[in-house]
Structure formats: C-alpha cells, structure tokens
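Encoded as structure tokens, the structure appears first; notes follow it.
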Amino acid sequence: MTTRDRVFRVVKLIPRGKVLGYGDVGQLLSPALSGLLVGRALATAPPEVPWWRVVGRTGELLVAKRDPQLAVEQRLRLENEGVTLEEDRVDMNAHRIDPFTLED
DNA sequence: AACTTGACGTGAC
DNA sequence: AGTCACGCCAAGT
579 MTTRDRVFRV VKLIPRGKVL GYGDVGQLLS PALSGLLVGR ALATAPPEVP WWRVVGRTGE
639 LLVAKRDPQL AVEQRLRLEN EGVTLEEDRV DMNAHRIDPF TLED
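So the first sequence is residues 579 to 682, counted in the numbering used here.
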C-alpha cells in the first residue's frame, strides 16, 4: 500500500458536490501527510479518483499555478456537480465537508 | 543512486 | 499583508 493509494482511498470517499482541503485529506491519514504530498499524489490520480474535489484550505484552485488548463477542468467538473465558485474559489462554507464524516 | 521539486498549511517575523 | 522557514516524502530528472 503506497502513500498514493492511501490518498486515493480517502479522496474517493468525498461525496458528489462536496470538497475537502489538501490538508484535510492528509490529516485523515495515519500517519498524517502534508497537503503538499496529497497534491503530489493527486497529480498521478487514476480516472476513478475525483481529484477535483480537493482544493486549497481557502477554496482556491491551487492547481492553477502549475496547470491553468487543469484548473479550468476542475472548475467545470465542480460546477457540473453543483459546487458554486466565487472568483475561482469554492464556497467552502457551503461545500466543505467535515472530514470526520468520511471515516469508514 | 543522489538531488530537486512540489495540486499545502501553519506559524514566525 | 508579504515573505520565510519548515515538516512531509514520492516522483521526476
């Protein structure tokens, strides 16, 4: 079981229309991972992993720094499942879920 | 096999 | 309200 797989396991639990922060995902794992590594893992995410439901703590689409194209895709996918964005930011207050509710 | 680089976040200046 | 340092460690080079 690699770190990537553990990240994927958590991300797959995020329900449609909800989001988590990179740090949140890392925090759910034990031992906890830094958000940086979560992002690193997501960079190689397979199709079945809803990577677009992971954003920065403030709702920012941080991927834009690396790949603006990918950020556009993320935004479209999010809006497509009902997540509202304000100026390239997810409305965290409305869509961020409590990490606790994800534990299997 | 060594070295660098991050889809991050927090705390200290 | 900017920077900076730093933990974290898998991947890319």
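No residue lacks a Cβ here, since even glycine has one placed at the ideal position from N, Cα and C.
Proximity below 8 Å, CB of residue i to CB of residue j
i	j	result
Val632	Tyr600	yes
Pro677	Leu598	yes
Ala619	Thr581	yes
Phe586	Val641	no
Asp666	Leu648	no
Buried or exposed (CB count within 10 angstroms, at least 16 for buried), residue i
i	result
Leu614	exposed
Spatial distance of residue i from residue j (CA atoms)
i	j	result
Leu606	Val588	8 Å
Gly637	Arg655	15 Å
Ala623	Thr679	23 Å
Val603	Val616	7 Å
Ala621	Leu663	22 Å
Ile675	Glu659	15 Å
Beta-bridge pairing of residue i - partner residues as DSSP gives them
i	result
Leu663	Val668
Gly599	Val633
Glu638	Arg667
Arg674	Val597
task: Check whether the region 666–674 touches the region 585–597, taking contact to mean three or more Cβ pairs, one atom from each stretch, closer than 8 Å.
output: yes
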